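Input: a single structure, listed below in structure tokens.
Residue numbers (our numbering): 75 to 223.
The structure is reproduced here in structure tokens:
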């Protein structure tokens, strides 16, 4: 299995859909996760190798897996905090945006791990791990259009 950790600059931010099925075509459908400290987007594919009598060994495309992990230091008044609670155990829309306007990635993800701690009065620190539940769309940063396969 090949894995690629995608390094994104500090101007990239994670947005959560205001609804589970929010369309990435309009960023007003999303809420910025205000106090997200850092995040990582990882991509891996598990290609299948089969052995046939006529063609010999053939490598078949495998299943794509995307994982989004991020940490937050969110004041309880952060609007995205309520959405993160609603998104527990549900496929939910997320978008990764650079400079507040340039979409880089979008897709539906399921929270597969959450760890919350109380760092201070009125503040919740969280660590979230999400796995894709749909195809992840990659956008051309120059045009904002989805890249074709």
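Glycine residues also receive a C-beta, built at the ideal position from the N, C-alpha and C atoms. Bear in mind the structure is a predicted one, so any value in this text is a computation, not a measurement.
Could you check how far apart the C-beta atoms of residue i and residue j are, in whole angstroms? I think they sit under 8 Å.
i	j	result
residue 186	residue 204	6 Å
residue 113	residue 143	6 Å
residue 200	residue 146	5 Å
residue 121	residue 206	Not really, about 17 Å apart at Cβ, beyond 8 Å.
Once you ignore the five residues that flank residue i on each side, which residues in its own chain have a CB closer than 6 Å to its CB?
i	result
residue 98	169, 180
residue 214	221
residue 135	none
residue 193	199
residue 141	116, 205
On a Cα-Cα basis, can you pick out the residue from the options that is closest to residue i?
i	options	result
residue 137	117, 153, 146	117
residue 202	86, 123, 96, 161	161
residue 90	167, 120, 84	167
residue 87	198, 153, 103, 111	111
residue 176	123, 212, 119	212
residue 197	155, 101, 216	155
Are residue i and residue j close, meaning C-beta to C-beta below 8 Å?
i	j	result
residue 208	residue 94	no
residue 188	residue 178	no
residue 92	residue 173	no
residue 115	residue 157	no
Identify, in the order they occur along the chain, each residue of the same chain with its Cβ nearer than 8 Å to the Cβ of residue i, setting aside the five sequence neighbours on each side.
i	result
residue 103	91, 92, 93, 96, 97, 167
residue 153	105, 108
residue 80	114, 115, 116, 117
Return the chain-ordered list of same chain residues with a C-beta closer than 7 Å to the C-beta of residue i, the five sequence neighbours on each side being excluded.
i	result
residue 124	132, 134
residue 231	Because the chain here runs from 75 to 223, residue 231 falls outside it and cannot be looked at.
* Asked: Does the region 121 to 135 touch the region 89 to 108, meaning 3 or more C-beta pairs lie closer than 8 Å?
  -> no
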